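Numbering (my numbering), first residue to last: 1 to 554. Below: the structure, in structure tokens.
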Amino acid sequence: MFIHKMKKLLLILILASFNLNFAQMLPKDFKISNDVYKKFKPDVKQNKGNNLIGRFSSSPVSSQTIISNFISDIIVVSNDGGDTIWFGTGKGISRTTNRGLSFQNFYGTEPFGEDDVSGLAVYKNWVVVATAYSQLINEDYVPTGTGIKVSSDYGATWASYPQPIDGDFDTTITYGISTIRALPVVVDEFNLSYDVAISKKNNSSDSLVFWITSWAGGTRKSTDFGATWQRVVLPPDAFNTITPTGGPYSFELNPRDPPLGNNNHKGFSVTTENDSTIYVGTANGINRSSDWGVSWKKYNYDSTGSGNGVSGDFVVGLDVQKYGNNVIVWASSNPTKGGEFSAFSFSSNFGTTWSNTLDVAFTHNVGFKDSIVYGATDDGIWRSYFTPPGFSWSRPSIIYDELIRDQIRTNLFYAVDSQGDSVWVGSGDGLARTTDTLTSPWVGKWKIFRAYQNITATNESYAAPNPFSPDDEVCRIYYKTGKTSSNITIKIFDFAMFPVRTVIQNASRTSPDVIWATWDGKRDDGTQVSNGVYFYRIQIDKDETVWGKILVLQ
1 MFIHKMKKLL LILILASFNL NFAQMLPKDF KISNDVYKKF KPDVKQNKGN NLIGRFSSSP
61 VSSQTIISNF ISDIIVVSND GGDTIWFGTG KGISRTTNRG LSFQNFYGTE PFGEDDVSGL
121 AVYKNWVVVA TAYSQLINED YVPTGTGIKV SSDYGATWAS YPQPIDGDFD TTITYGISTI
181 RALPVVVDEF NLSYDVAISK KNNSSDSLVF WITSWAGGTR KSTDFGATWQ RVVLPPDAFN
241 TITPTGGPYS FELNPRDPPL GNNNHKGFSV TTENDSTIYV GTANGINRSS DWGVSWKKYN
301 YDSTGSGNGV SGDFVVGLDV QKYGNNVIVW ASSNPTKGGE FSAFSFSSNF GTTWSNTLDV
361 AFTHNVGFKD SIVYGATDDG IWRSYFTPPG FSWSRPSIIY DELIRDQIRT NLFYAVDSQG
421 DSVWVGSGDG LARTTDTLTS PWVGKWKIFR AYQNITATNE SYAAPNPFSP DDEVCRIYYK
481 TGKTSSNITI KIFDFAMFPV RTVIQNASRT SPDVIWATWD GKRDDGTQVS NGVYFYRIQI
541 DKDETVWGKI LVLQ
């Protein structure tokens, strides 16, 4: 046991020394140990993330590149001044107003600090961002919410609020004729807002309602622009409908794992069909309200046909496709138990019936372009016309940028949205854009937007990600020649300085700016290298040599 703990501690120290970012805030698990409600107390001093509270002027950093190659969210917003595209990334929020010619990155600025983005919503001039980070507790990394940031002026200024929690004595909620028992959520751990939505409060007012789904924090809404939050009562696992005049109910609003609590009280996704119709995705299905979030009806695997309807009860994404007179609600639904499976579930009749399609891998999000639907999954980015029951799903064979000779080298895609004829896709290995003209799929050329650090001299270089895991990612070696024409050779060596791989050999390069080459963690014979430290050597025209180090960790 001692040796095991020492190895784990050594690994943590190695990773920390390379400044590895663990906190990619995506819902991949829905279970919470019931001990969490005993383990974390409000008065325990933990190493918190950025918890600045107040109002701040925004000073985003302008850059020719996006700030991170991990893209978790893409939102295209049309306004009078042109389209603005907002991105959730592995290093905070970013935006572009000129189709990617430049970006404004908010990472490191107040009130965001170095926190990650877990949720993002944009409505006209309003931008609402949920932030989070991972903290190390008892040798495990625990996702932790750090609050809600709200801008009413397109991101020029921000109001920052703490992660919504309850008081110790918030043990009941009045719901119609019932007094519902409620478990107070008094900590930020496992309480991070994975999704945000914005609607109007009623038909006669411009006042807004913010909705958040926060895993252990449940589903909440704010009617005062994020300053305060109220818990939203959803059906327990045992009920499919609740109304204020029903009951009186005796269940408990409780996000613990069953049997002590309810998976349906763990919120993961939220969207609006219109101002009065709200959808919430949980770990027990899809909840729909058509009366401004008061009454709810739940749809899940068991209640919609056990395989023919909603494919799985873990619903991590929701969105609404509208074209012509069609309104289709889409859910990224994944399994919670045997028999369930990952697919995109959809309803074209306001939730009355449900079907599913594309059961290939874990599903994350959808995007739309008129009658076309795009799906982001752990097995690539997919496209089809909405033609149930027979869909025409296809994915690009390769995403390659001919201009910069770069390629998206992952199947893990998390976000997609359209801007006119352009389609933007976000992956674990970068941001990309192509053109879709409603004819043949995936025939347009690709533009890849790659995040990288500036290199000021030809004797400098770096590798990223570093450490890297060849099973899940590739490592890029960044360098600068300072010449408009040069021949480059890059080789990899093991710790004993034996040659492992020739990455490129006398390759012609014509850019004096930062460029890169990719190593997939394999030897020249195609076998994968073992864990350890490796060295790379860059030779520029055989008259300049640059060395660097890469750590491989599976």
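No residue lacks a Cβ here, since even glycine has one placed at the ideal position from N, Cα and C. Fair warning: this is a prediction, and the values are worked out from it, not measured in the lab.
Would a C-beta distance cut-off of 8 Å place Thr109 and Pro162 closer than the cut-off?
no
Rounded to the nearest angstrom, what separates Gly54 and Ile212 at their Cα positions?
20 Å
CB Thr89 to CB Ile67, shorter than 8 Å?
yes
Among Trp126, Gly246, Gly92 and Gln230, whose alpha-carbon lies nearest the alpha-carbon of Ile177?
Gly246
Using a threshold of 8 Å, state whether the C-beta atoms of Gly375 and Leu318 are closer than that.
no
Determine the contact status of Lys92 and Phe103, defining contact as a CB-CB distance below 8 Å.
Contrary to the premise, residue 92 reads as Gly rather than Lys in this sequence. Not in contact: Gly92 and Phe103 (Cβ atoms no closer than 8 Å).
Do you know how far the Cα of Thr435 is from the Cα of Thr131?
32 Å
Would you be able to state if there are at least three C-beta pairs under 8 Å between the segment 276 to 292 and the segment 197 to 214?
yes
Report the option in Trp330, Thr387, Pro396 and Lys337 whose CA atom is closest to the CA atom of Gly367.
Trp330
Have a look at Thr377 and Phe169 and give me their C-alpha separation to the nearest angstrom.
41 Å
To the nearest angstrom, how far is it from the Cα of Ile399 to the Cα of Gln407?
6 Å
Using the beta-carbon count (16 or more within 10 Å), is Lys322 buried or exposed?
exposed
Answer with buried or exposed for Leu13, where buried requires no fewer than 16 other C-beta atoms within 10 angstroms of its C-beta.
Bear in mind that a pLDDT of 38 at Leu13, under 50, signals an unreliable position, so the number given afterwards is only what the model happens to contain. Under this definition Leu13 is an exposed residue.
Leaving aside the five residues before and after Ala159 along the sequence, list all residues of the same chain whose C-beta is less than 6 Å from its C-beta, in chain order.
Arg55 and Val150
Taking the alpha carbon of Ile75 as the point to measure from, which residue in Val128, Ser485, Gly285 and Pro184 has its own alpha carbon closest?
Val128
Element boundaries [beta strand (DSSP E), containing Gly147]
Asp140 to Ser151
On the criterion of 16 or more Cβ atoms from any shown chain inside 10 Å, does Thr304 qualify as buried, or is it exposed?
buried
Got a sec? Which residues, its chain only, sit under 6 Å from Asn411 by beta carbon, not counting five neighbours each side?
Asp379 and Gly380
Look at the alpha carbon of Ala415 and the alpha carbon of Phe535, and state the distance between them as a whole number of angstroms.
34 Å
Let me know the secondary structure DSSP gives Asn263 once reduced to three states.
helix
Is Thr172 near Ile165, with beta carbons less than 8 Å apart?
no
Helix, strand or coil for Arg509, going by three-state DSSP, please let me know.
strand
Answer yes or no: do Phe424 and Arg433 have a C-beta to C-beta separation smaller than 8 Å?
The identity of residue 424 in the sequence shown is Trp, whereas the question assumes Phe. Taking 8 Å as the Cβ cut-off, Trp424 and Arg433 qualify as a contacting pair.
Buried or exposed for Glu189, please, with buried defined as at least 16 other CB atoms from any protein chain shown within 10 angstroms of its CB.
buried
Could you give the uninterrupted runs of the beta strand (DSSP E) lying entirely in the segment 309 to 385, keeping only those of 3 residues or more?
314 to 323, 326 to 334, 343 to 347, 355 to 357, 363 to 369, 372 to 377 and 380 to 385
Leu234 and Trp292: beta carbons closer than 8 Å?
no
Apply the 10 Å Cβ neighbour rule to Val562 and answer buried if 16 or more other Cβ atoms are within range, or exposed otherwise.
Here the chain covers residues 1 to 554 and nothing more, so residue 562 does not appear.
What runs of the beta strand (DSSP E), each 3 residues or longer, lie entirely inside the segment 88 to 148?
92 to 96, 103 to 105, 116 to 123 and 126 to 137
Output needed for Asp472: all residues of its chain with C-beta closer than 8 Å, excluding positions within five of it in sequence on either side, in chain order.
Thr410, Leu412 and Gly428
From Pro143, Pro512 and Tyr141, residue whose alpha carbon lies closest to that of Ala457:
Pro512
So for Gln554, helix, strand or coil by DSSP?
coil
CA-CA distance, Leu101 and Val503?
30 Å
Tell me where the beta strand (DSSP E) around Ile492 begins and ends.
Ser486 to Phe493
Report the partner residues of Tyr400 according to the DSSP bridge assignment.
Gln407
Classify Leu438: buried if its beta carbon has 16 or more other beta carbons within 10 angstroms, exposed otherwise.
exposed
Helix, strand or coil for Tyr194? Go by DSSP, reduced to three states.
coil
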